[in-house]
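For reference, the structure discussed in these notes is given below.
Below, the structure written as structure tokens:
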């Protein structure tokens, strides 16, 4: 079995494509928002002039930035995890140091 770092380097692990929220709460919220979106698009299409195409274009522009947000969140989370591991390996666990010096 290859290491996770080897798999990541070789492109076999691609977190942005593999991520998918799994909670029931997320699924329900997503369905509700999607229904509101569809209803709003339908309302916009009935206006004169129809605004549905313009709204979809604006929403697509907004959605285009989401991969960048996910990327930065992943990187920040990974860095936080690495800093936690560094603290653990260096023994920088402030609580224990304070407890042992108080005794």
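Numbering (our numbering), first residue to last: 13 to 115. Beta carbons: idealized from backbone N, C-alpha and C, even for Gly.
1) Sort 41, 96, 67, 42 by Cα distance to residue 53 and report the nearest one.
2) Can you tell me whether DSSP reads residue 32 as helix, strand or coil?
3) Looking at C-beta atoms only, is the number of pairs between the stretch 82-98 and the stretch 17-28 that lie closer than 8 Å three or more?
4) Just the C-alpha distance for residue 63 and residue 50, rounded to the nearest angstrom, thanks.
5) At which residue ranges does the stretch 72-110 contain complete alpha helix (DSSP H) runs of 4 or more residues, listed in the order of the chain?
The answer reads as follows:
1) As a working note, residue 53 is residue 41 in the chain shown. Ranking the options by Cα distance to residue 53, first place goes to 67.
2) As a first step, residue 32 is located in the chain shown; it is residue number 20 there, counting from the start. Here residue 32 sits in coil by DSSP.
3) yes
4) Your numbering for residue 63 matches position 51 in the chain shown. Your numbering for residue 50 matches position 38 in the chain shown. When rounded, the distance between both Cα atoms is 13 Å.
5) 78-102
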